[in-house]
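Engineer:
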Amino acid sequence: MVDFQLLSLMTFLPLAGVLFIMTLRGDGPNVARNAKYAALYTSLIVMVLGAYMLNHFDGSTADYQFVEKFKWFPSLGISYHMGVDGISVFFVALSAFLTPICILASWDSIQKRVKEYMAAFLILEMFMIGTFCALDTILFYVFFEGVLIPMFLIIGIWGGPRRVYSAFKFFLYTLLGSVLMLVALLWIYFHGGTDIPEIVKAGGIAYKAQFWLFLAFFASFAVKMPMWPVHTWLPDAHVEAPTAGSVILAGVLLKMGGYGFLRFSVPMFPEAAHFFAPYIFGLSIIAIVYTSLIALVQEDMKKLIAYSSVAHMGFVTLGIFTLNAQGVQGAMFQMISHGLISGALFLCVGVVYDRLHTREIGRYGGIVKNMPIYATMFMLFMLGSVGLPGTSGFVGEFLVLLGGFQVSTTVGLLATSGIVLGATYMLMLYRRVIFGPQTNADAAEMLDLTWKEKINFVPLALLVLWLGVSPGVVINKTQASVDKLIGDYQTALAQTETSHE
Amino acid sequence: MELIAVFAPLAGFLIAFLFGKQIGDKGAQFVTCTGLVMAAACSCALFYQVVLGHDPRTIALAPWIAVGTFNVQWALRVDQLTAIMMCVINIVSACVHIYSVGYMSHDANKARFMSYLSLFTFAMLMLVTADNLLQLFFGWEGVGLASYLLIGFWNYKPSANAAAVKAFVVNRVGDFGLALGIMAAFMIFGTVQFDGIFAQVADKAADTFNFLGYDVNAVTLVCLLLFVGACGKSAQLGLHTWLPDAMEGPTPVSALIHAATMVTAGVFLVSRMSPLFEYSADARAIVCFVGATTAFVAATIGLTQFDIKRVIAYSTMSQLGYMFFALGVSAYSAAMFHLMTHAFFKALLFLGAGSVIHAMSGEQDMRKMGGIWKLIPTTYVLMWIGSLALAGIPFFAGYYSKDLILEAAFASGSGIGRYAFAMGIAAALMTAFYSWRLIIMTFHGNTRADKEVIDHVHESPFVMLLPLFVLATGAVLAGAVFMHSFGTDHAEFLGESLKVLPENDTVLKAHHVEEWVKLAPLVAGILGIGFAYIVYMFRIGMAASIVRCFKPLHTLFYNKWFFDEIYHAVFVQTAYKLGRIFFKVGDKAIIDGLGPDGISATSKSFGGLLSRFQSGYMFHYAFVMMIGLIGLVSWFVYRLNFGS
Numbered sequence: 001m002v003d004f005q006l007l008s009l010m011t012f013l014p015l016a017g018v019l020f021i022m023t024l025r026g027d028g029p030n031v032a033r034n035a036k037y038a039a040l041y042t043s044l045i046v047m048v049l050g051a052y053m054l055n056h057f058d059g060s061t062a063d064y065q066f067v068e069k070f071k072w073f074p075s076l077g078i079s080y081h082m083g084v085d086g087i088s089v090f091f092v093a094l095s096a097f098l099t100p101i102c103i104l105a106s107w108d109s110i111q112k113r114v115k116e117y118m119a120a121f122l123i124l125e126m127f128m129i130g131t132f133c134a135l136d137t138i139l140f141y142v143f144f145e146g147v148l149i150p151m152f153l154i155i156g157i158w159g160g161p162r163r164v165y166s167a168f169k170f171f172l173y174t175l176l177g178s179v180l181m182l183v184a185l186l187w188i189y190f191h192g193g194t195d196i197p198e199i200v201k202a203g204g205i206a207y208k209a210q211f212w213l214f215l216a217f218f219a220s221f222a223v224k225m226p227m228w229p230v231h232t233w234l235p236d237a238h239v240e241a242p243t244a245g246s247v248i249l250a251g252v253l254l255k256m257g258g259y260g261f262l263r264f265s266v267p268m269f270p271e272a273a274h275f276f277a278p279y280i281f282g283l284s285i286i287a288i289v290y291t292s293l294i295a296l297v298q299e300d301m302k303k304l305i306a307y308s309s310v311a312h313m314g315f316v317t318l319g320i321f322t323l324n325a326q327g328v329q330g331a332m333f334q335m336i337s338h339g340l341i342s343g344a345l346f347l348c349v350g351v352v353y354d355r356l357h358t359r360e361i362g363r364y365g366g367i368v369k370n371m372p373i374y375a376t377m378f379m380l381f382m383l384g385s386v387g388l389p390g391t392s393g394f395v396g397e398f399l400v401l402l403g404g405f406q407v408s409t410t411v412g413l414l415a416t417s418g419i420v421l422g423a424t425y426m427l428m429l430y431r432r433v434i435f436g437p438q439t440n441a442d443a444a445e446m447l448d449l450t451w452k453e454k455i456n457f458v459p460l461a462l463l464v465l466w467l468g469v470s471p472g473v474v475i476n477k478t479q480a481s482v483d484k485l486i487g488d489y490q491t492a493l494a495q496t497e498t499s500h501e
Numbered sequence: 001m002e003l004i005a006v007f008a009p010l011a012g013f014l015i016a017f018l019f020g021k022q023i024g025d026k027g028a029q030f031v032t033c034t035g036l037v038m039a040a041a042c043s044c045a046l047f048y049q050v051v052l053g054h055d056p057r058t059i060a061l062a063p064w065i066a067v068g069t070f071n072v073q074w075a076l077r078v079d080q081l082t083a084i085m086m087c088v089i090n091i092v093s094a095c096v097h098i099y100s101v102g103y104m105s106h107d108a109n110k111a112r113f114m115s116y117l118s119l120f121t122f123a124m125l126m127l128v129t130a131d132n133l134l135q136l137f138f139g140w141e142g143v144g145l146a147s148y149l150l151i152g153f154w155n156y157k158p159s160a161n162a163a164a165v166k167a168f169v170v171n172r173v174g175d176f177g178l179a180l181g182i183m184a185a186f187m188i189f190g191t192v193q194f195d196g197i198f199a200q201v202a203d204k205a206a207d208t209f210n211f212l213g214y215d216v217n218a219v220t221l222v223c224l225l226l227f228v229g230a231c232g233k234s235a236q237l238g239l240h241t242w243l244p245d246a247m248e249g250p251t252p253v254s255a256l257i258h259a260a261t262m263v264t265a266g267v268f269l270v271s272r273m274s275p276l277f278e279y280s281a282d283a284r285a286i287v288c289f290v291g292a293t294t295a296f297v298a299a300t301i302g303l304t305q306f307d308i309k310r311v312i313a314y315s316t317m318s319q320l321g322y323m324f325f326a327l328g329v330s331a332y333s334a335a336m337f338h339l340m341t342h343a344f345f346k347a348l349l350f351l352g353a354g355s356v357i358h359a360m361s362g363e364q365d366m367r368k369m370g371g372i373w374k375l376i377p378t379t380y381v382l383m384w385i386g387s388l389a390l391a392g393i394p395f396f397a398g399y400y401s402k403d404l405i406l407e408a409a410f411a412s413g414s415g416i417g418r419y420a421f422a423m424g425i426a427a428a429l430m431t432a433f434y435s436w437r438l439i440i441m442t443f444h445g446n447t448r449a450d451k452e453v454i455d456h457v458h459e460s461p462f463v464m465l466l467p468l469f470v471l472a473t474g475a476v477l478a479g480a481v482f483m484h485s486f487g488t489d490h491a492e493f494l495g496e497s498l499k500v501l502p503e504n505d506t507v508l509k510a511h512h513v514e515e516w517v518k519l520a521p522l523v524a525g526i527l528g529i530g531f532a533y534i535v536y537m538f539r540i541g542m543a544a545s546i547v548r549c550f551k552p553l554h555t556l557f558y559n560k561w562f563f564d565e566i567y568h569a570v571f572v573q574t575a576y577k578l579g580r581i582f583f584k585v586g587d588k589a590i591i592d593g594l595g596p597d598g599i600s601a602t603s604k605s606f607g608g609l610l611s612r613f614q615s616g617y618m619f620h621y622a623f624v625m626m627i628g629l630i631g632l633v634s635w636f637v638y639r640l641n642f643g644s
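For the protein sequence lines, the chains are A and B, in the order given. Quick note: the first sequence uses our numbering, first residue 1, plus one each step. Quick note: the second sequence uses our numbering, first residue 1, plus one each step.
#1: By DSSP, does Ser414 of chain B sit in helix, in strand, or in coil?
#2: Take Ala123 of chain B as the anchor and find which of B:Ser105, B:Leu145 and B:Lys110 has the nearest alpha-carbon.
#3: Relative to the C-alpha of Gly152 of chain B, which candidate in A:Leu234, A:Ala494, A:Arg431 and A:Val469 has its C-alpha closest?
#4: Give me the chain B residues within the contact set of Thr416 of chain A, using Cβ-Cβ distance strictly less than 7 Å, ordered along the chain.
#5: Which residues in the same chain as Asp236 of chain A place their Cβ atom closer than 8 Å to its Cβ, once the five residues preceding and following it in sequence are excluded?
#6: Nearest to Ile357 of chain B by alpha carbon, out of B:Ile425, B:Pro250 and B:Phe563?
#7: Please check if any C-beta of chain B sits within less than 8 Å of the C-beta of Thr424 of chain A.
#8: Below 8 Å on C-beta distance, what does Asn217 of chain B contact in chain E?
#9: Check this for me: beta carbons of Gly330 of chain A and Gly403 of chain A, under 8 Å apart or not?
#10: Using the beta-carbon of each residue, which ones in chain A are nearer than 7 Å to Glu141 of chain B?
#11: Suppose only complete runs of 4+ residues qualify. What are the alpha helix (DSSP H) ranges in the segment 57-89 of chain B, listed by chain order?
#12: What is the rounded straight-line gap between the Cα of Asn34 of chain A and the Cα of His357 of chain A?
#13: My output table needs one value for Thr439 of chain A: the three-state DSSP class, helix, strand or coil.
#14: Is there at least one Cβ from chain A nearer than 8 Å to Val50 of chain B's Cβ?
#15: What residue ranges within the segment 367-399 of chain B form continuous alpha helix (DSSP H) runs of no fewer than 4 residues, ordered along the chain?
#16: Could you tell me whether the segment 317-326 of chain A touches the segment 395-410 of chain A, using the rule of 3 or more Cβ pairs below 8 Å?
#17: At which residue ranges does the segment 216-290 of chain B contain complete beta strand (DSSP E) runs of 3 or more residues, listed in the order of the chain?
#18: Check the DSSP bridge columns for Glu360 of chain A and list the partner residues they point to.
#19: In chain order, which alpha helix (DSSP H) runs of at least 4 residues are fully inside the segment 128-162 of chain B?
#20: Anything in the segment 195-212 of chain B with a Cβ closer than 8 Å to a Cβ of chain A? List those residues in chain order, please.
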């Protein structure tokens with residue numbers, strides 16, 4: 001077992017990086033370079049720690065590991081309680097893995113306020129890792145909401161022309177959800193305390209209160225996912241955000257909604273989850289079909305991928321609320337895989353955006369000729385997004401569909417139609433950008449990937465393939481926790497049934 | 001040995017794809033061809049051990065997905081059915097690899113082309129060696145990917161890209177059915193392992209399963225969903241529209257993927273699942289009907305096309321129809337027999353056509369050919385051999401397998417079997433007709449090509465002709481050699497890999513049909529050939545007057561029964577229209593209009609805030625937010641704790 005405060009170290013190490021960056025004076029290119037290196041090294045250390053954590057994580061138990069617990073506000077009963085189980089451990093790792101990639105992706109494309117940008121990213125990393133580690137509701141809330149601030153800044157300052165509109169839209173939506181969640185958290189505080197494992201161990205929240213609390217949490221997590229119809233902030237946020245912002249937004253921030261469902265909604269409000277599941281299936285299926293059709297008609301590369309994210313998250317919500325082994329595990333897997341694939345796809349957009357400064361699909365075409373390596377990478381991630389067997393995208397998608405089909409063949413059938421639509425819009429995007437005659441002279445002159453970009457893409461590509469061929473590396477570590485989640489849920493339902501008889 | 005047979009093509013792909021630049025075109029060609037020749041040799045050895053030695057085996061490789069009771073692993077299952085498929089795949093693929101060295105000699109991306117061919121072969125081998133439905137699905141989609149890459153190989157051509165996307169998407173529609181079939185199989189049988197499923201079929205034959213609110217027979221449901229997948233991959237009527245367009249790819253691709261191997265994956269799937277289909281007469285009837293109709297419709301379209309490759313493509317579709325109606329009357333071994341002979345003679349025809357196109361400087365329109373048989377005599381003879389086999393002329397391979405199928409269909413005695421027989425005879429007549437129409441238009445008469453093209457006509461190099469000789473040998477001999485193995489002795493030859501209930505064994509019954517049934521296909525074939533000679537050689541003007549006589553019918557056939565147009569209007573345009581409506585009305589007008597934009601429009605202060613926002617102020621606002629957040633939390637905590 002690890003006998004030092006690993007999770008706190010991972011969470012707050014970025015803060016040290018921020019402090020260092022803040023001590024740098026001036027605006028010269030040297031300062032910018034030092035800030036970049038400081039951020040890169042900090043995040044790389046966190047990544048190594050993340051790998052260490054994964055390596056030492058014991059997948060045979062559903063217990064929380066690397067636990068740290070101190071009294072924080074003893075008079076209020078609030079404690080500083082950190083720990084990871086199979087449900088959170090890969091999200092922590094994902095955050096730690098994507099941050100250095102983001103910093104590297106911003107290396108040359110961010111020119112103004114570099115110092116602040118790097119600091120914002122490190123703060124973001126701190127909040128993200130904290131969110132997935134926190135085991136105290138108040139602590140969770142602070143991290144969960146904290147994420148908003150650096151993200152708001154990243155979109156609002158380093159974003160595109162309509163950045164202010166998008167930043168506010170993003171902020172308004174998410175804040176609205178969280179206010180309701182805060183109220184619910186306070187209610188729970190008075191009726192069960194703040195310690196998540198203890199609340200869950202006590203069998204969740206009293207039956208009568210569950211429904212309203214579920215809805216309050218749902219408001220927050222549904223916006224984060226985002227689920228239809230509260231998804232419209234996402235395309236705007238993606239379009240205006242800088243490349244790295246999009247990567248982290250799609251890669252990690254969206255998963256906070258799914259994580260919330262698994263950490264709060266299902267274990268704390270099992271009866272409500274059972275009650276609302278059919279409605280969530282409905283919303284998920286609408287998300288899959290509706291947003292896939294919208295993705296089909298987009299002219300903006302980032303918007304298209306943003307809408308595809310909404311569709312993919314539809315699979316996640318569907319999987320979670322099937323509440324059977326395949327569905328939940330599939331949703332978990334889909335979130336991790338989507339974190340890698342969509343992150344990579346936004347990096348792909350970033351590559352050509354850096355060269356031509358447009359995201360309009362029609363301005364490209366035929367670039368396989370001058371950028372063959374880029375075309376290959378893009379192809380791989382496109383296929384992952386389409387869910388081709390052999391990539392990680394397939395495993396999650398198929399397990400979710402299998403879970404959904406067991407709950408209802410109609411749900412399974414409708415959701416499965418997403419694989420046809422998904423293939424259509426991604427292949428059309430790829431065809432229009434990469435293939436065809438070279439009609440735009442400036443697009444035809446773009447240079448292929450630089451070594452920095454290759455360093456970014458290769459690990460992602462290898463992971464996508466590795467997880468596709470042997471998904472056991474993830475599933476074996478998450479299985480025990482997922483089984484416990486489902487087991488607890490079924491026990492709770494069974495108890496309610498007997499108490500009603 | 002099994003490992004070499006399957007993974008040598010993968011190794012070839014990886015080396016040629018990743019290091020194509022370093023090892024050069026020659027290196028890539030050498031690596032991939034060597035891989036395939038090795039794989040082909042191993043497959044033949046496996047054929048000897050597994051089929052002739054009656055020693056089927058399964059080799060477990062590694063775990064794949066294990067969640068709850070859903071547990072699948074990577075494995076190589078080599079039984080008689082697989083061994084036959086592996087031989088066909090690897091031999092044809094090796095021929096095509098070697099042929100491509102010559103055919104693609106003027107192309108700039110040789111390494112990439114060779115690597116894709118090897119990737120395809122690997123995926124196809126994974127498909128046939130699967131011991132569970134999910135690995136089969138892996139190979140299934142993998143061959144789809146390779147097909148997509150190869151159809152769109154000349155990616156600067158918009159038509160090639162369109163065809164590639166179309167092929168992938170239409171196949172995905174089929175895969176949609178296949179995926180649902182896999183899920184249904186898992187729910188009904190609790191496993192997707194073949195052996196696990198087959199062991200339970202007899203017990204569950206009468207079970208019902210609630211699908212979309214209807215109680216249907218469980219086995220029939222699984223069969224039909226899997227069959228949807230088979231229709232997509234094997235271009236059966238309804239999901240066939242991608243196949244003719246796929247001819248945009250280089251000709252070796254058409255030969256390997258769109259004639260000999262990938263399109264037969266559906267036939268393989270149904271054969272593999274024969275223990276399931278045996279327990280569902282309804283599913284078999286539908287398979288039979290679809291197959292017979294496809295055979296007929298495709299043949300009618302083939303009569304009228306002018307693109308040499310498209311004619312052969314429609315004939316492929318038609319022959320696949322034969323295989324399917326054979327499956328539908330439980331004549332699985334007959335279907336596999338035809339699959340094998342067809343692989344040889346159709347690959348031969350395609351590569352022969354490629355040789356013609358190569359000679360004609362890329363021309364594919366038969367109206368611009370003619371009179372070249374003296375210039376490329378070897379190709380001419382090879383095309384004759386392929387066509388004779390296709391038309392079912394005695395002692396060539398197609399004769400035995402096609403006759404067996406038609407006799408089995410007749411022998412099944414059912415109404416649907418008689419329908420299939422009638423359609424099959426009609427299609428046989430048309431097949432012979434358009435095959436000779438092709439030969440006469442391409443090779444005989446006065447040339448209609450430009451003088452410049454004609455001056456360049458040359459026989460193909462040896463590296464292209466050698467594989468043709470191998471295939472021609474197969475097209476001549478495969479029928480006579482294996483006629484008993486797939487016919488009367490099929491139970492012994494194929495062992496447990498195919499299952500036929502004794503009362504359904506139409507292949508055995510086929511032996512006892514009346515004499516006229518046995519003669520009918522041959523008569524149809526000869527009539528078709530004779531008719532073609534009359535129309536295109538002796539009475540040159542006759543074709544035009546026939547077209548004039550049957551104008552509406554010709555329009556229907558020439559436009560491929562308007563499938564593309566109908567699909568475009570019904571599905572493609574609707575999808576785009578819906579997408580636009582959802583985007584403009586759903587997202588922008590309703591959700592955003594009522595949501596954030598509506599709020600901001602009604603709230604002046606918010607608008608004021610927005611206008612004053614400059615990036616310099618952003619930090620201030622973030623700071624205020626953070627303070628606000630902390631303040632909010634502390635206030636609540638304080639109040640609730642001490643206020644009460």
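Where a beta carbon is used, it is the ideal one built from N, C-alpha and C, also for glycine.
Structural biologist: Judging by the given coordinates:
#1: In the structure shown, the three-state DSSP call for Ser414 of chain B is coil.
#2: Among B:Ser105, B:Leu145 and B:Lys110, the Cα nearest to that of Ala123 of chain B is on B:Leu145.
#3: It is A:Arg431 whose Cα lies nearest to the Cα of Gly152 of chain B.
#4: For Thr416 of chain A, the chain B residues whose Cβ falls inside 7 Å of its Cβ are Phe176, Ala179 and Leu180, in order along the chain.
#5: If you ignore the 5 residues before and after Asp236 of chain A, its C-beta comes within less than 8 Å of the C-beta of Arg162, Tyr165, Ser166, Lys169 and Phe170, all in its own chain and listed in chain order.
#6: Among B:Ile425, B:Pro250 and B:Phe563, the Cα nearest to that of Ile357 of chain B is on B:Pro250.
#7: Chain B contact via Cβ: present.
#8: Absent from the structure: chain E. Protein chains present are A and B.
#9: Taking 8 Å as the Cβ cut-off, Gly330 of chain A and Gly403 of chain A qualify as a contacting pair.
#10: Under the 7 Å cutoff, chain A gives Leu388 and Pro389.
#11: For the segment 57-89 of chain B, not a single whole alpha helix (DSSP H) run of length 4 or above is found.
#12: If I take the Cα positions, the gap works out to 26 Å.
#13: In the structure shown, Thr439 of chain A falls within a coil segment according to DSSP collapsed to helix, strand and coil.
#14: So no, Val50 of chain B is outside the interface.
#15: Counting whole runs of 4 or more residues, the segment 367-399 of chain B contains the alpha helix (DSSP H) stretches 377-391.
#16: Enough Cβ pairs lie closer than 8 Å, so yes.
#17: For secondary structure counted as the beta strand (DSSP E) over 3 or more consecutive residues, the segment 216-290 of chain B holds no complete run.
#18: Under DSSP, Glu360 of chain A takes part in a beta bridge, and its partners are A:Asp300.
#19: 133-151, all fully within the segment 128-162 of chain B.
#20: For the segment 195-212 of chain B, which is checked against every Cβ of chain A, the residues closer than 8 Å are Asn210, Phe211 and Leu212.
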